[in-house]
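Residue numbers (the numbering used here): 13 to 170. Every residue, glycine too, gets a C-beta built ideally from N, C-alpha and C. Only a predicted model underlies this, so the values are computations on that prediction, with no experimental measurement involved. Notes for the one structure printed next.
In structure tokens form, the structure reads like this:
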């Protein structure tokens, strides 16, 4: 079983000029309870189903399993998904340390105005550079989970 370890931050500055790739992502959830989420997504021209377990105490690590599936199957499964669809562009930015890559999600629709950056790590205490455009850390804050953004979108937070 694979384990995902990542730190999540808000984005407070301009990063797009540093991006080496941008991919549109549309996703929904077949199950979004904290103990397990089952996500389906179209990422560019590929489809995926992902199962994630509950996070550890810090919220930085959890079980993750993902498999590529045909886009047509994702489209069919989206009809069964819970209400709310996440629409975003994911930008990839190489970190200044030369080791890590930032995944920066710029959200649209009901989550317009929210931009979140994640970095995957080998361990929770692994050091990494923090670029100038990085804002407050929100690792483990459930309201920033995509599965929660579909239930309580950013537009409702004000």
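Among the options, the one whose alpha carbon lies nearest that of residue i
i	options	result
residue 46	66, 89 and 95	66
residue 25	155, 164 and 144	144
residue 152	167, 128, 142 and 169	128
residue 111	89, 86 and 142	142
residue 48	60, 75 and 28	75
Simplified DSSP state of residue i, which is helix, strand or coil
i	result
residue 103	strand
residue 34	strand
residue 137	coil
residue 144	coil
Rounded C-alpha distance that separates residue i from residue j
i	j	result
residue 30	residue 106	8 Å
residue 23	residue 100	14 Å
residue 40	residue 52	6 Å
residue 114	residue 154	20 Å
residue 57	residue 84	11 Å
residue 14	residue 62	12 Å
residue 42	residue 169	24 Å
residue 123	residue 156	10 Å
Beta-carbon spacing of residue i, residue j below 8 Å
i	j	result
residue 18	residue 133	yes
residue 117	residue 140	no
residue 69	residue 136	no
residue 81	residue 158	no
residue 38	residue 54	yes
beta-carbon residue i near the ligand PLP non-hydrogen atom, thresh 7 Å
i	result
residue 45	Annotation note on the ligand PLP: not contained in the displayed structure, which lists no ligands.
Segments of 4+ residues assigned as alpha helix (DSSP H) that fall wholly inside the stretch 68-121: 83-90
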